[in-house]
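Here is the structure we will look at.
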Amino acid sequence: MNNNKVIQVEGLTKTFGDFTAVNAITFEVEKGEIFGFLGANGAGKTTAMKMLIGISNPTSGKANVAGFDVFTHAEDIKKNIGYMSQKFALYDDLTVKENITFFGGIYGLPRKRIKEKSEILIQELGLEKVANTLVGALPLGWKQKLSFSVSLIHDPKIVFLDEPTGGVDPITRRQFWEMIYKAAHEGTTVFVTTHYMDEAEYCDRVSIMVNGKIEALDTPKKLKEQFKVDNMNDVFLKLARG
Amino acid sequence: MKRFIGFIKKEFYHIFRDRRSLFILFGMPIAQIMLFGFAITNEINNVDIAILDHSKDATTKEIINKISASKYFSIKQMLTREAEIASVFEKGHVKAVLNFEKDFSQKLIKDNKATVQIITDATDPNTANTISNYVNAILQTYQKEINKDIVISYQIVPQTRMVYNPELKSVYMFVPGVMTIILMLVSAMMTSISITREKELGTMEILLVSPLKPIQVIVGKVFPYIFLSIINAIVIVMLSIFIFKMPVQGSLFLLGLESVLFIITALALGILISTISATQQTAMMISLMGLMLPVILLSGFIFPISSMPLPLQLISNIIPAKWFIIIIKGIMLKGVGLQYIWKETLILVGMTVFFIALSVKKYKIRLE
C-alpha cells in the first residue's frame, strides 16, 4: 500500500437487516489532510465513522486505517487513532489534570510522558489557573478545546472528530479550527464530520454522503465549480435535494 | 495493568466526589441496620394495657402483679366499668385490656374454672397476636404454679424450645436480610448507574474507541464496587456482633466467601441492567423495582416463603436473594458448614454464570 494513504476504503458497506446504512463507499485520505465528511442527519456518516474507528463491524467491503485492516486489526487501529465525539466527553467530576492523566493512562503512555504532555497541553491552552479545577466548572468552549487536545494526547496518526463544534460560539469555533490546522500541519490526519458548511470550506477535501452513498468528493473549490455555485452550502443543498 | 489501575483510580474519584453515591454506599447500610435493629421490631416491650378487675381478690391481684412485673407490659389504667373498654381503645391509650370476671378466686376453687377475657387492639394484627400469646404464657405459668401439688391424669405438656434464636430477637432475622438488601443495592444498582452514566455522557464511546478492551472497561467499572461491597458486608457483620450482640455461629471465612459470591451475582445483574437501559434514571428504576422489591418481599426476608401462594413460591426461586438469605442464615445463626448449603451456593453460582453470559451477549449486540 501507499504509505501516504492513511485511510483507504473500498466498497465499505453496513446493513442493519434490510436497511443499508452505508452503501459501498470508496475513498482515500492522505497523510496530513483535513478530510471533511459531510452528510445530512441519517445519511450514514456516523455509521461509516464507527466502522473506521473499530467499534462497528462492516458487513462487506475493504477498509484500511492507519495501516491496519478494520476486519482483522481493529485493536491496532485503536492505538493509532484519536477520537472526539459530538457529545463533549471528558469527565466533569475530574479536574483538568486528572482528565489528561486518565486518558494518557488508558492509551498506555508512561507516567513521565503523561506529566510532560499535560504540562505542555495546559500551557498551550492557557489553562494553568484552572489545572486543578473540575472540568464541569469550565465554559463549554474551553472544554471542547481541552477535549480535542486530549484526543491527541497519544500523538495518533489520525484523529476522528464527530461534529466537534456543535453548540460552540463562532469565536471558539474559529480557535478550534486553528487547532485543527496546527495538528494537520504537524502531520496528523484529520477526519471531521460537520453540519456547518462554512467549516466545509476549511477542509482540504470533502465528501458528501446522501442516503448511504458518497455522492461527491473533491476539494471545496472544485466542488463549487462542478455544481456552478459559489458556496458549499449550495453544493450541499443541490446534492441533498437530488 | 497500569492502564487498569488508572481506570480504577478514576472510578474512586467519581464515587468520592458524588455525595449521593457516598450516602448510598456508607450512610444507607448503617442507617438501615440501625433502623431494622432498633426501631422496626416484632418483639413487644412495655406495651400499655388496662385492667378491668371485677373481683379484686387475692388471685387476680397475684396475676396482675405477675403481669406488671414482666417487662412486656405496663399497666396504664385500672378500669371500673365495661363501658370504659371501648373508650380506652378508641383513645388509643392501651393495646389490650384484661377483663377478670366476678368472683374469680371463688369460681376457681368451687368450679375449678374462672375466666379472664383478653381483648386486644387488632388494628395491628401482629402485635395483637403477640400480646395475647404473652398473656397466655403468663397465665399458663401461673396455673402450673397453683397446680403443682395436684396430680392431673392425662396431661399433655408441650415443651417448647426455640433453637438458634432462643430469645426470639428480631435482629437475628433482620441482619441477614439487611445485608442482602445492601449488597444487592450497592452492587447492582450502583454499578448499573455508573455504567449507564458513561453511556449517557458519551464517555463510554471514547473508552470503547481507546485501546482498552470492553472487558477491561467493565471489570474496571465494577471492581471498586466489589471492594466497597466487601467493606459494607464487614461493617454490617461488625455492627451485628458488637451492637446487637448477635454472634456469628459459623465460619467467618465461609461467610466472607459466600458474600463475595453474592456480590458478584449482584454485579452481574447490575451489568445486565446497564446493557438494557440507556439512562441512569432507567437503570435506577429497573434496579429498584426489579431488584429491591423482590428482595424485600419475595426473598423470605420479611414474609415467610412457605406461607405464600404457590405461584409466588415458584417465582421466589429465581430470586438470588432468597438463596443468599438461606445461606447466611445458615452460617450466622445455625453455624452450618458448606456441606449443608452447597446446593444453595451452586444455585447462586449458576445464576451468576447465566447473568454474566447474558450480559456479555447483550453487550456484543450493542457494540455491533
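Quick mapping for you: the protein sequence lines, in order, are chains A and B. Using the numbering used here, read the first sequence as starting at 4 and increasing by one per residue. Using the numbering used here, read the second sequence as starting at 2 and increasing by one per residue. Just so you know, even glycine gets a beta-carbon here, dropped at the ideal spot from N, CA and C. As the structure is a prediction and not an experimental result, all values here were calculated from the model.
Query, Result
"Starting from the beta carbon of residue 330 of chain B, find every residue of chain A whose beta carbon is closer than 9 Å, and list them in chain order.", "By Cβ distance, chain A contributes nothing, its closest Cβ being about 40 Å from residue 330 of chain B, past 9 Å."
"Apply the 10 Å Cβ neighbour rule to residue 343 of chain B and answer buried if 16 or more other Cβ atoms are within range, or exposed otherwise.", "exposed"
"Check the Cβ of residue 212 of chain B against every Cβ in chain A and list those closer than 8 Å, keeping chain order.", "78, 81, 82, 109, 110 and 111"
"Would you mind sorting residue 159 of chain A into buried or exposed? The rule is 16 or more other CB atoms within 10 Å of its CB.", "buried"
"Residue 201 of chain A by DSSP, collapsed to three states: which one?", "helix"
"What number of angstroms, rounded off, separates the C-alpha of residue 17 of chain B from the C-alpha of residue 154 of chain A?", "26 Å"
"Would you list the residues sitting across from residue 212 of chain A in a DSSP beta bridge?", "A:42 and A:217"
"So, helix, strand or coil for residue 213 of chain B, using DSSP?", "coil"
"Please report whether the beta-carbon of residue 96 of chain A lies at a distance below 8 Å from any beta-carbon of chain B.", "yes"
"Which ranges would you report for the beta strand (DSSP E) in the stretch 75–101 of chain B if only whole runs of at least 3 residues count?", "97–101"
"Can you tell which of B:328, B:359, B:191 and B:20 has the C-alpha that lies nearest to the C-alpha of residue 301 of chain B?", "B:328"
"Is it the case that the Cβ atoms of residue 277 of chain B and residue 222 of chain B are separated by a distance below 8 Å?", "no"
"Under a three-way DSSP split, which group does residue 86 of chain A fall into?", "strand"
"Measuring CA to CA, which of B:275, B:58, B:62 and B:233 is closest to residue 200 of chain B?", "B:275"
"Give every residue of the same chain whose Cβ lies closer than 7 Å to the Cβ of residue 349 of chain B, excluding the five residues on either side of it in the sequence, and list them in chain order.", "262, 263, 266, 321, 324 and 325"
"Please check if any C-beta of chain A sits within less than 8 Å of the C-beta of residue 3 of chain B.", "yes"
"So which residues of chain A does residue 204 of chain B contact, with C-beta pairs closer than 7 Å?", "92 and 94"
"Take residue 217 of chain A and list the residues in its own chain whose beta-carbon comes closer than 8 Å to its own, dropping the five residues that flank it on each side.", "28, 29, 30, 210 and 211"
"If you measure from the beta carbon of residue 18 of chain B to each beta carbon in chain A, is any gap under 8 Å?", "yes"
"So if DSSP puts residue 313 of chain B in a beta bridge, which residue, or which two residues, is it bridged to?", "Answer is none; residue 313 of chain B lacks a bridge partner."
"Whether or not the stretch 228–236 of chain A and the stretch 187–201 of chain A are in contact is what I'm after, with contact meaning three or more pairs of Cβ atoms, one per stretch, closer than 8 Å; do they touch?", "yes"
"Could you pull out every residue in the same chain whose Cβ sits closer than 7 Å to the Cβ of residue 141 of chain A, ignoring the five residues on either side in sequence?", "133"
"Below 8 Å between beta carbons is the criterion; list the residues of the stretch 46–79 of chain A that meet it against any residue of chain B, in chain order.", "56, 57, 58, 59, 60 and 78"
"I'd like to know whether the C-beta of residue 292 of chain B is nearer than 8 Å to at least one C-beta of chain A.", "no"
"Per DSSP, residue 11 of chain A forms a beta bridge with which residues?", "A:31 and A:67"
"List the whole-angstrom C-beta distance separating residue 13 of chain A from residue 208 of chain A, where the pair is believed to meet the contact cut-off of C-beta under 8 Å.", "Incorrect: roughly 17 Å between the Cβ atoms, too far for contact."
"With a threshold of 16 other CB atoms inside 10 Å of the CB of residue 164 of chain B, please say whether the residue is buried or exposed.", "exposed"
"Considering residue 117 of chain B, what are the terminal residues of the beta strand (DSSP E) in which it resides?", "117–121"
"So, using beta-carbon positions, are residue 87 of chain A and residue 151 of chain A closer together than 8 Å?", "yes"
"Indicate the three-state DSSP secondary structure (helix, strand or coil) for residue 9 of chain B in the structure shown.", "helix"
"Can the beta-carbon of residue 33 of chain A be found closer than 8 Å to that of residue 60 of chain A?", "no"
"List the whole-angstrom C-beta distance separating residue 185 of chain B from residue 313 of chain B, where the pair is believed to meet the contact cut-off of C-beta under 8 Å.", "That pair is no contact at about 19 Å."
"According to DSSP, simplified to helix, strand and coil, what is residue 239 of chain A?", "helix"
"Taking only the alpha-carbon atoms, compute the straight-line gap between residue 80 of chain B and residue 131 of chain B and give it to the nearest angstrom.", "23 Å"
"Give every residue of the same chain whose Cβ lies closer than 8 Å to the Cβ of residue 94 of chain B, excluding the five residues on either side of it in the sequence, and list them in chain order.", "49, 51, 77 and 78"
"Please name the residue, chosen from B:152, B:229 and B:181, that lies closest to residue 295 of chain B on a Cα-to-Cα basis.", "B:181"
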